[in-house]
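Quick note, the sequences are listed as chains A and B, same order.
The opening residue of the first sequence carries number 17 in the working numbering; numbering runs sequentially from there.
The opening residue of the second sequence carries number 58 in the working numbering; numbering runs sequentially from there.
By construction, the Cβ of each residue, glycine as well, lies at the ideal position given by its N, Cα and C atoms.
Each remark here refers to the structure printed beneath this line.
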Amino acid sequence: MSVLVYTESDQGKFKKVAFEVASYAKAVADQLGTTVTAITINATNISELGNYGVDKVLNVSNPQLDVFNAKGYAEAIQQAAEKEAAKVIIVSSSANSKYLAPLLAVGLNAGYASNVIEAPSSTEPFTVKRTAFTNKAFEMTAINTDTKIVGVSNNSFGLVEKSGSASAEDFSPSISDLAVKVESVDKASNQVSIADAEIVVSGGRGLKGPENWGMIEELASVLGAATACSKPVSDLGWRPHSEHVGQTGKPVASNLYIAIGISGAIQHLAGINASKVKVVINTDPEAPFFKAADYGVVGDAFTVVPQLIEKLKAFKAQQ
Amino acid sequence: MKILVCISHVPDTTSKINFTEGDTKFDTNGVQFVINPNDEFGLTRAMWFKEKQGAQVTVINVGGPETEPTLRKALAIGADGAIRVNTPATDGFSVAKQLAHVAKDGGYDLVIAGRESIDYNGGMVPGMIAGLTNANFVNNCINLEIEGNAATAIREIDGGKETLSTSLPLVIGGQKGLVEESDLRIPNMRGIMMARQKPLTVLDPVDSANETASVKFEKPAAKGAVKLVAPDNLDELVSLLHNEAKVI
Ligand SMILES: Cc1cc2nc3c(=O)[nH]c(=O)nc-3n(C[C@H](O)[C@H](O)[C@H](O)COP(=O)(O)OP(=O)(O)OC[C@H]3O[C@@H](n4cnc5c(N)ncnc54)[C@H](O)[C@@H]3O)c2cc1C
């Protein structure tokens, strides 16, 4: 009856979201008066999970699952849920978890609530708060099935450290033939992704052209941030589509979002509003972004950004 | 090849989001409804398969009669036929069950859905259709090619993309990239006229219980005023971000 949590890893190392979903699972387990079991797939350093409230780890080592496969991973998690008789399963909002969760829901005949931002407000009926209408509203959703899947929004619940330790057990689920095969992966290993970034630096049409992105990249590199852009910037081909954020692009839920030369159209704001602190740099004091931001600079990006880079470098050097 | 394109009928992206009946229902008053943007990219890709590879394209929506103008728009863009499953779309899983039933019954080779709809953002319908029909599944699909029974797809992953090979029957959760923004089509007069002659079949729903229920909605709390920092005083911005916001 324990709460099962899928703790994701990348090349063996736990992702930060793994600790966040473990923390969330611990909160749910406390509400239900039960324990937390984590399932890991080809992860190392399993003992780290004990620091976030996990009591037991089901540790899968299977070369067939070396590269992510939604169906194969969903099968492994489903069998772990069945073994543990888990009634609540927690996953993250990473692209991979959002890919596998609906398959898992069908396998377990479980109701699934995605983009959940808080621990359940009630466990009977099991009710969670999630974002809807792309951050323009919240929805309280009751999951009525016997087995329930909760997808936790990235960077919403945070990490809650516990002093504890997790026991580990090898687990060998049977995986069927996988008919979706990965032929190649194209991923910049030295860059933070928008999904995982704590800080995102984003540029809009106010930057005039792709040749001016040097300062955006430099600012991002000083802050250890990911780079993003508004929709027209990607439609114009100034930046790749993978950087397009907003209602029809990627969602952003970073700690800090810096918008440079972005007007703050409703579709843009919807996608980035889950970020905790927003800074806008724009020449036009009437730009709607100023209404959504916490801090603002009315000024020309071409003078403000280079100066900000220097100030931040000096600040970082002092730290 | 028979393609089924799932069309979610959603409020236009500029809509003000309000609720009625004690914050339990979305207020459709004055709201303009459109084809869900992720679905529109998928529909446009389906048009390419129709024109270049002779595919037959059916669009489908689970919803009440009020969604028919959205389906007619999809017909005007070029779909051959439309299906409406006559039941309100209240929960992702039950919608997926309706769609899966039609996909299986109709022998569709490819089901194109959007990675999520911009109203409830559930992000579960395409994967659930795949699970329920035992089809292969690619989510966050930004490129799709089909040759005979074989499919090659590109999926966006966190921080990059990956190329996948698989086969039909296939379900994808699509998004921008399947086609470019500039490829999207605005229905012309001829398309609109032709759409009126095309079949729009209304089907009764299959039995299905709701797995989740929307209990109540809330709007985000009003935001405080922005703190302005002078462009020649950026030390203050750095200090605010460090000491006050504690984000650097
Ligand atoms: C269906 C639909 C979906 C959409 N989805 C999205 C989405 O997901 N994401 C998204 O971003 N948009 C989306 N949009 C587009 C959105 O409506 C806006 O058009 C877009 O966000 C504007 O991008 P921008 O702010 O970069 O450009 P603009 O609106 O052109 O703004 C540029 C800003 O730069 C400022 N500026 C100019 N020069 C300087 C300078 N030297 N220094 C500082 N500032 C300067 C200007 O004052 C202006 O505010 C969508 C639109 C539709 C219809």
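Asked	Found
Tell me whether GLY281(A) counts as near ligand 1, meaning its Cβ is closer than 6 Å to at least one heavy atom of that ligand.	Residue 281(A) is actually Ala in this sequence, not Gly. Within the cutoff, so yes.
How far does the alpha helix (DSSP H) with ASP96(B) in it extend, from its first residue to its last?	94-110
With 9 Å as the limit, tell me which residues of the stretch 124-158 of chain A have their beta carbon closer than that to any beta carbon of chain B; keep them in chain order.	ASN125, ALA126, GLY127, TYR128, ALA129, SER130, ASN131, PRO141, THR143, LYS145, ARG146, THR147, ALA148, PHE149, THR150, ASN151, LYS152, ALA153, PHE154, GLU155, MET156, THR157 and ALA158
Could you check whether the Cβ of SER218(A) sits closer than 6 Å to any heavy atom belonging to ligand 1?	no
The beta strand (DSSP E) with GLU238(B) in it runs from where to where?	Run containing GLU238(B): none; DSSP gives neither H nor E here.
Alpha helix (DSSP H) containing THR60(A): first to last residue?	No alpha helix (DSSP H) holds THR60(A); DSSP gives it neither H nor E.
Would a check of beta-carbon distances place LEU285(B) closer than 7 Å to chain A?	yes
What residues in the stretch 175-202 of chain B bring their beta carbon closer than 8 Å to a beta carbon of chain A?	ILE175, ASP176, TYR177, ASN178, GLY179, GLY180, MET181, VAL182, PRO183, GLY184, MET185, ALA187, GLY188, LEU189, ASN193, PHE194, VAL195, ASN196, ASN197 and ILE199
Across which residues does DSSP place ASP26(A) in a beta bridge pair?	LYS29(A)
Which residues in the same chain have their Cβ closer than 7 Å to the Cβ of VAL119(B), if we skip the five residues on either side of it in sequence?	VAL142, THR144, ALA146, VAL152, GLN155 and LEU156
What does VAL272(B) reach in chain A if we use C-beta pairs closer than 9 Å?	PRO141, THR143, GLU155, MET156, THR157 and ALA158
Please work out which residues of its chain come closer than 7 Å, Cβ to Cβ, to ALA269(A), disregarding the five sequence neighbours upstream and downstream, and give them in chain order.	SER169, ASN170, ASN171, SER172, ALA290 and SER291
CB-CB under 7 Å to THR56(A), same chain, minus the five flanking residues each way: which ones, in chain order?	THR23, SER25, ILE62, VAL73, ASN75 and VAL76
Name the chain A residues that come within less than 7 Å of LYS161(B), Cβ to Cβ?	Those do not exist, as LYS161(B) stays about 13 Å from chain A at its closest Cβ, beyond 7 Å.
Enumerate in chain order the residues of its own chain whose CB-to-CB distance from PHE35(A) is below 6 Å, with the five nearest sequence positions on each side excluded.	TYR68 and LEU175
Any heavy atom of ligand 3 closer than 6 Å to the beta-carbon of ALA317(A)?	Absence of ligand 3 is noted for the structure shown, with ligand 1 being the only ligands found.
Please state whether DSSP places ILE117(B) in a helix, a strand or coil.	strand
Within a Cβ cutoff of 8 Å, which residues of the same chain sit near LYS29(A), ignoring the five residues on either side of it in sequence?	ALA59, THR60 and ASN61
What ranges does the alpha helix (DSSP H) occupy inside the stretch 243-267 of chain B, keeping only unbroken runs of at least 4 residues that lie completely in it?	246-254
Using Cβ-Cβ distances below 9 Å, what residues of the stretch 257-281 of chain B are close to chain A?	ALA266, ASN267, GLU268, THR269, ALA270, SER271, VAL272, LYS273, PHE274, GLU275, LYS276, PRO277, LYS280 and GLY281
Please confirm if SER65(B) has its CB atom under 7 Å from at least one CB of chain A.	no
Does the beta-carbon of SER252(A) have 16 or more other beta-carbons within 10 angstroms, so that it is buried, or is it exposed?	Before going on, a small fix: residue 252(A) reads as Leu here, not Ser. Exposed, because fewer than 16 other Cβ atoms sit within 10 Å of the Cβ of LEU252(A).
For ALA43(A) and ALA135(A), what's the separation of their Cα atoms in angstroms?	7 Å
For LYS130(B), does the count of other Cβ atoms within 10 angstroms reach 16, so buried, or fall short, so exposed?	buried
Which residue from LEU20(A), LYS32(A) and PHE84(A) puts its Cα closest to that of ALA195(A)?	PHE84(A)
Anyone know if the C-beta pair for PRO267(A) and GLY287(A) falls short of 7 Å?	yes
Any C-beta of chain A sitting closer than 7 Å to the C-beta of LYS255(B)?	no
Quick one: is the Cβ of ILE134(B) within less than 6 Å of any heavy atom of ligand 1?	no
Skipping 5 residues on each side, what residues in its chain have a beta carbon closer than 7 Å to that of VAL67(B)?	PHE90, VAL91, ASN93, SER174, ILE175 and ASP176
Looking at chain B, which residues of the stretch 253-278 of chain A have a Cβ within less than 8 Å of any of its Cβ atoms?	HIS257, SER258, HIS260, GLN263, THR264, GLY265, ASN271 and LEU272
On a Cα-Cα basis, can you pick out the residue from VAL313(A), ALA333(A) and ALA101(A) that is closest to LYS3(B)?	Because chain B spans 58 through 305 in this model, residue 3(B) falls outside it and cannot be assessed.
Rounded to the nearest angstrom, how far is the Cβ of ALA101(A) from that of MET17(A), given a contact under 8 Å?	6 Å
Which residues does DSSP list as the beta-bridge partners of VAL91(B)?	VAL67(B)
In the stretch 300-324 of chain A, which residues sit with their C-beta less than 8 Å from some C-beta in chain B, listed in chain order?	PHE306, LYS307, ALA308, ALA309, ASP310, TYR311, GLY312, VAL313, VAL314, GLY315, ASP316, THR319, VAL320, GLN323 and LEU324
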